[in-house]
Amino acid sequence: MLLKKAADMGSSEITPRGLYLNRRKFLAGTAIAGAALGVPAVSRLFSPSTIAEANAKIDGIQKSAFSTSEKITPFKDVTNYNNYYEFSTDKYEPAGLAKDFKTRPWTVTIDGLVKKKQVLDVDTIIKMATPEERIYRHRCVEGWSIVVPWVGFSLNELIKRAEPLGKAQFVEFTTLYAPNQMPGQRVPVLDWPYVEGLRMDEAMHPLALLGFGMYGEVLPNQDGAPLRIVIPWKYGFKSAKAIVRIRFTDKQPVNTWNKAAPSEYGFYSNVNPHVDHPRWSQARERRLGEFLKRPTLMFNGYDQVASLYSGMDLKKNF
Ligand SMILES: Nc1nc2c(c(=O)[nH]1)N[C@H]1C(S)=C(S)[C@@H](COP(=O)(O)O)O[C@H]1N2
Ligand SMILES: [Mo]
11 MLLKKAADMG
21 SSEITPRGLY
31 LNRRKFLAGT
41 AIAGAALGVP
51 AVSRLFSPST
61 IAEANAKIDG
71 IQKSAFSTSE
81 KITPFKDVTN
91 YNNYYEFSTD
101 KYEPAGLAKD
111 FKTRPWTVTI
121 DGLVKKKQVL
131 DVDTIIKMAT
141 PEERIYRHRC
151 VEGWSIVVPW
161 VGFSLNELIK
171 RAEPLGKAQF
181 VEFTTLYAPN
191 QMPGQRVPVL
201 DWPYVEGLRM
211 DEAMHPLALL
221 GFGMYGEVLP
231 NQDGAPLRIV
241 IPWKYGFKSA
251 KAIVRIRFTD
261 KQPVNTWNKA
271 APSEYGFYSN
281 VNPHVDHPRW
291 SQARERRLGE
301 FLKRPTLMFN
311 GYDQVASLYS
321 GMDLKKNF
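Here the sequence shown is numbered in the working numbering, starting from 11 and rising by one per residue.
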């Protein structure tokens, strides 16, 4: 069991008020079964069957110097407490609802300001470089954190092969839109599909990971299979799951959470204990499974990215 529930923000807290009320109205006006969507979970037991959906082991994984030596969060916590609004706003539900999500065949479209526009099979991408285990801290904007042994390689491996044009200043990531498979997309809680973005130098930073596994295995569906990004120095929502498109652009992408609540979620979203969310402090966080909160670190402790933001006002560019 997790010991952190008391401190969790419910979905009503991450969801901006207007949207939340709209969603409730929407739910009230349509007789959707299980309209409990708007009600944050108080307590639920893990279903062992979701944990048993063990995925294939990944061969030839190398260790990474970027890994933290902090205690890894148990697999069952990381895979049963998920933010994945395409499936549900209830963090306990994606594990079950994503069980039959189809991750093959799967292609990723690479387009925009890039020399090699192409549609790549996800298995071609996965084989592009040596898989590494990267044990990263992950800090959700809601105040909880985890330590996860991801499997993947630097996103820049893919970007370099695509040969972006000199004009490309940003990269935009788009998640699959498949309301037939993703029940959360039948509800207008966010503007689907989920979109995220990075500045080119952020995307090229070796810490920015293209992930396809965790704990030595293929990524569980609820954690973003078959392919996601993991940006450890930014709040969790920047780490988009189930990516189908990577577009290079000269304009700053409009990321989904920024569109939903521009005063609450910025484009940069670097972990920053000195810039509070308008509705709660960001100074501390609770590790899943721990009781006491710990201080949140600037850039989530990844100081090596600080130079990317030198000269920038990170209170303005939150
Ligand atoms: N497509 C998509 N990606 C997403 C989200 C989402 O709702 N949809 N939630 C984000 C948020 S808020 C967090 S904290 C992380 C959670 O990743 P995890 O469930 O693997 O811990 O995924 C991020 N990526
Ligand atoms: Mo999050």
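Heads up, the beta-carbon is just placed ideally off N, CA and C, and yes, glycines get one too.
When DSSP states are grouped into helix, strand and coil, serine 317 belongs to the helix group.
DSSP, read as helix, strand or coil, puts glutamine 72 in strand.
In this structure, the C-beta of glutamate 295 stays at least 8 angstroms away from each heavy atom of ligand 2. One alpha carbon belongs to tyrosine 319, the other to phenylalanine 222, and they sit about 28 angstroms apart. Close CB contacts of isoleucine 241 within its chain, under the 6 angstroms cut and outside five residues either way in sequence, are with Ala218, Lys248 and Ser249 (chain order).
Secondary structure of leucine 237 (DSSP, three-state): coil.
Following the DSSP letters along the chain, one finds proline 159 inside the beta strand (DSSP E) bounded by residues 154 to 164. The three-state reading of DSSP puts lysine 112 in coil, since its state is none of H, G, I, E or B. Around the CB of valine 281, 16 or more other CB atoms lie within 10 Å, so the residue is classed as buried. Between the C-alpha atoms of aspartate 87 and leucine 298 there is a straight-line separation of about 7 angstroms. Just so you know, the alpha carbons of proline 216 and tyrosine 312 end up roughly 12 angstroms apart.
Runs of alpha helix (DSSP H) with 4 or more residues, each lying fully within the segment 217 to 303, are found at 266 to 270, listed in chain order.
Taking a C-beta distance under 9 angstroms as the contact criterion, asparagine 93 and glutamate 182 do not qualify as a contact pair. As DSSP reads the structure, lysine 126 sits in no beta bridge.
By the Cβ test, the segment 91 to 107 is in contact with the segment 186 to 196, since at least three Cβ pairs between them sit closer than 8 angstroms.
Looking at Arg114, Arg149, Val132 and Thr117, the one whose alpha-carbon comes closest to that of lysine 244 is Arg149. Lysine 101 sits buried, since 16 or more C-beta atoms from the chains shown fall within 10 Å of its C-beta. Look at isoleucine 136 here: in three-state DSSP terms it is helix. Of the heavy atoms belonging to ligand 1, none sits nearer than 8 angstroms to the Cβ of asparagine 282.
Ligand 1 has a heavy atom closer than 8 angstroms to the beta-carbon of glutamine 232. Isoleucine 68 places its beta carbon less than 9 angstroms from that of proline 141.
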